[in-house]
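Each protein sequence line maps, in turn, to chains D and R. Using the numbering used here, the first residue of the first sequence is number 1, and each one after it goes up by one. Using the numbering used here, the first residue of the second sequence is number 1001, and each one after it goes up by one.
Number of protein chains: 2
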Amino acid sequence: MDSKDQKRPSELDIFRDFLRRQGMRYTPERETIIKEIFSTHEHFDVDSLYLGIRQKGLRVSKASIYRLIPLLIKANLIEEVFFENGQMHYEHIYGHEHHCHLRCQECRKIEEFSDERVVQIEKELGERFNYRILRHKLEVIGICSTCQKKMNTA
Amino acid sequence: MDSKDQKRPSELDIFRDFLRRQGMRYTPERETIIKEIFSTHEHFDVDSLYLGIRQKGLRVSKASIYRLIPLLIKANLIEEVFFENGQMHYEHIYGHEHHCHLRCQECRKIEEFSDERVVQIEKELGERFNYRILRHKLEVIGICSTCQKKMNTA
DNA sequence: AAGAAATTGTTATTCAATGTCAATAAGCCT
DNA sequence: AGGCTTATTGACATTGAATAACAATTTCTT
């Protein structure tokens, strides 16, 4: 473990700070939810999160999850990824290599990728519009090779 | 009007073709909705679309709008832009200069921009993952100058 | 022109997300 | 350490976008 790792505060520390600055409280329920979110690198929605927590034998109401999510977004710990099937889907972004999504319009499969050029675009935009840039979300939509074949033979 | 313009079929023609290929029917209701969508260059949601149609003295049920939207997406005439306030927002993409969005996380203001580099990224992705690329959606999130000032003085 | 099948509007339904509120508990203050 | 203020919790009720069901209608093929 090098010094870089030691310097990076945990997501819980980040969130504690965030809460203190807003005069809000750190509760066991919030800790449970955050730990669950950061325990995997998968996308999640409120339902999958709730089930994951219950499977560990813990108990938190869905209302608390719904109430926590906007706070985590404000704290830049998670972000909305896409809305599908009537539910918003999220992923955590802190302590996680940033990536973008290539999605198949037919079968909804998702490939992840990164590209440095987007960072440059971001930077220029910040200067041009006088924004403080927080993050970006690049979603490329197409038809995967499997679905292309299906469409050709049909 | 130059030859390039003459060659580009209207969105109605595109959609008629699309419907025919799927064994679906072209109805006055569908025509009304599409014309409304393509009559402005603004983002829209189901409600604003419905109201716009009624203000022109026309009548189409909301159910028909909800039913048409997935078809227009499949036909690559419109796309989902963002989900906000419990509603999906769309914009038409056919016959319209493509652009991306820079959004302020605080006040939800939106700036539009274009960047050729994303097209290049798209192209490379298509080759790398063997996808037929249809489009992309780049959303950059930040804090606008006005909101930065507010946060500093607070 | 007729008939098969898709589409429409109406109505009912679903379910994610939010609001309400009394009970509880975090965290500051002395 | 204990008390007090007030944010937070969970249960329940409510909202509202989106979808389903279905009978009446209309498109489009032959």
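Heads up, the beta-carbon is just placed ideally off N, CA and C, and yes, glycines get one too. The structure displayed is predicted, hence computed values, not measured ones.
- Beyond the five residues adjoining it in sequence on each side, R/H1089 comes within less than 8 Å, by CB distance, of H1043, F1044, D1045, E1080, V1081, F1082, F1083 in the same chain, given in chain order.
- The three-state reading of DSSP puts D/E29 in helix, counting H, G and I together.
- Straight across, the Cα-Cα distance linking D/H101 with D/C107 is about 14 Å.
- Not a single CB atom of chain D sits nearer than 8 Å to the CB of R/Y1090.
- The region 127–136 of chain D makes no contact with the region 1015–1034 of chain R: fewer than 3 CB pairs, one atom from each, lie closer than 8 Å.
- Interface annotation for the region 1106–1131 of chain R against chain D: E1111, F1113, D1115, R1117, V1118, Q1120, I1121, E1122, E1124, L1125, G1126, R1128, F1129, N1130, Y1131, criterion Cβ-Cβ distance under 9 Å.
- Put simply, the region 1048–1064 of chain R touches the region 1023–1039 of chain R. At least three CB pairs are less than 8 Å apart.
- Contact with chain D is found for R/R1135, since one of that chain's Cβ atoms lies less than 8 Å from the residue's Cβ.
- Interface criterion met: the Cβ of D/F83 is under 8 Å from a Cβ in chain R.
- Looking only at D/F113, D/A63, D/E122, the smallest Cα-Cα distance to R/I1141 is reached by D/E122.
- Put simply, the backbone Cα of R/I1014 is about 8 Å away from that of R/L1077.
- D/M24 carries a coil assignment under DSSP once its states are collapsed to helix, strand and coil.
- Within the region 94–124 of chain D, the runs of beta strand (DSSP E) that reach at least 3 residues and sit entirely inside it are, in chain order, 100–104, 110–113.
- For chain D, the residues of the region 1135–1150 of chain R that bring a beta carbon within less than 7 Å of one of its beta carbons are R1135, H1136, K1137, L1138, E1139, V1140, I1141, G1142, I1143, C1144, S1145, Q1148, in chain order.
- Around the beta carbon of R/V1119, a 10 Å sphere encloses fewer than 16 other beta carbons of the protein chains shown; the residue is thus reported as exposed.
- Within chain D, no residue has its CB atom less than 8 Å from the CB of R/L1072, the nearest being about 13 Å off.
- Listed along the chain, the chain R residues whose CB falls inside 7 Å of the CB of D/L102 are L1125, F1129, Y1131.
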